[in-house]
Each structure stands twice: as structure tokens, then as C-alpha cells.
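Going by the working numbering, the sequence shown opens with residue 87, and the numbers climb by one from there. Taking it in order: structure first as C-alpha cells, then the write-up.
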Amino acid sequence: MSKFSHWNEKGRPKMVDISQKDSTKRTAVAQSSILLKQELYDAIQNAQIKKGDPLQVAQIAGIMAAKKTSDIIPMCHPIQITGVDFHFEYKEVNNAYELIIQAEVSCKGNTGVEMEALTAVTAAALTFYDMCKAVDKSMVIKETFLAKKTGGKNGDYIAVK
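Here it is in C-alpha cells:
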């Protein structure tokens, strides 16, 4: 009845069977960013955030989220993640700052880790907002996207920005 990979012959949702796919090393890098005011940037640099270091807590939240991705994304397979790491960078933008958040997730398995990387940066951005909202409620979480992936049947991918 359906040509969609995640629908069965009766047109109902299903999780695809990946057991026939080759197990290979796979990585994904996702990115998100947050615009914040100078006041918040200064408070972070001077360790004045009452809840603690927002980058450390955001990183922990991102790692936890990557491990739980299949619990919140319906057709996502539970996979054994072999690594999760983060990179944070502040860039000055028009009398304010933009925090660039990147998460790299890796595994050796039958399916990729793109959703885990995207979930990781999203949770990290939300956690950063939560940690800092007492100082700056006007923060804006900007685009979240897949920056790079390696491995798998479809090969490598690098976003063009």
C-alpha cells in the first residue's frame, strides 16, 4: 500500500528493520546557537551565574539527551553510542554575543547518529537558556542543523552554509 519506508503495508507507522545493514563507524556533528546580551556574557565570564557554570551543565544535559534520543523520537532506533563531545564558542555580534554549540556523536552500528547529535545540541541549548534566564530572558535559540556526518550506506555529508 505504501512506498514510505516507515509505513507498513497497511499504511501504519513502523520502525524499519536495520538488521541487514552493515555495521560501520558512524559520526555526526550537529550545531545550534544562542544569541545573548553583553550583560549575560559578562556574568558567565565572571562566574556570576547563580545556578553554576551553564556550559558544563549544558554539556552534561546534551550527553544525557543523546543517550535518550530513541525515547523521544518515535522511529529512532536505540543504538550503542560510543562517544559524545561538545565544543562551545562565543562570537561577538553587534554589541552582543552568539554562543555556537556543536555536538559530535559517534557509534559503530547499523544506523547513523544524526538524530542523537541534533537532540544533544537542542538539549544543550535549552539547558543553557534555563541556566541563564534569570539574567537574560531575551536569549534567542537560533537554527539547529546537521553540520556533518560520516559512514553508512549514503556516505559522508557536509553542510554548505
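Where is the CB? At the ideal position from N, CA and C, for every residue including glycine.
CA nearest to the CA of residue i, picked from the options
{"i": "Q124", "options": "I244, L232, V221, G237", "result": "V221"}
{"i": "G195", "options": "I165, K223, V207, M201", "result": "I165"}
{"i": "M217", "options": "W93, K136, I120", "result": "K136"}
{"i": "A116", "options": "A211, Y215, K219", "result": "A211"}
{"i": "I167", "options": "A147, S192, R98", "result": "S192"}
{"i": "S109", "options": "A245, D242, G198, I244", "result": "G198"}
{"i": "L204", "options": "T230, C162, K177", "result": "T230"}
Residue i versus residue j: straight-line alpha-carbon distance, rounded
{"i": "Q142", "j": "R112", "result": "26 Å"}
{"i": "A129", "j": "G169", "result": "31 Å"}
{"i": "T155", "j": "I186", "result": "21 Å"}
{"i": "N94", "j": "D103", "result": "11 Å"}
{"i": "A206", "j": "S118", "result": "10 Å"}
{"i": "D171", "j": "A151", "result": "12 Å"}
{"i": "E200", "j": "L232", "result": "7 Å"}
{"i": "F214", "j": "N240", "result": "33 Å"}
One or two residues paired with residue i in a DSSP bridge
{"i": "T208", "result": "None; T208 has no bridge partner."}
{"i": "R112", "result": "C193"}
{"i": "E178", "result": "Y183"}
{"i": "V226", "result": "L121"}
Buried versus exposed call for residue i [16 or more other C-beta atoms within 10 Å across all chains shown]
{"i": "K278", "result": "Beyond the ends of the chain as shown, which are 87 and 247, falls residue 278; an answer cannot be given."}
{"i": "G248", "result": "Outside the shown range of the chain (87 to 247) lies residue 248, about which nothing can therefore be said."}
{"i": "I159", "result": "exposed"}
{"i": "G148", "result": "buried"}
{"i": "Q188", "result": "buried"}
Short CB-CB distance (under 9 Å) between residue i and chain B
{"i": "Q106", "result": "Going by chain labels, chain B is absent from the structure shown, which holds only one protein chain."}
Ignoring anything shorter than 3 residues or poking outside the stretch 102 to 150, list the beta strand (DSSP E) runs there in chain order.
Within the stretch 102 to 150, the complete beta strand (DSSP E) runs of at least 3 residues are 110 to 123.
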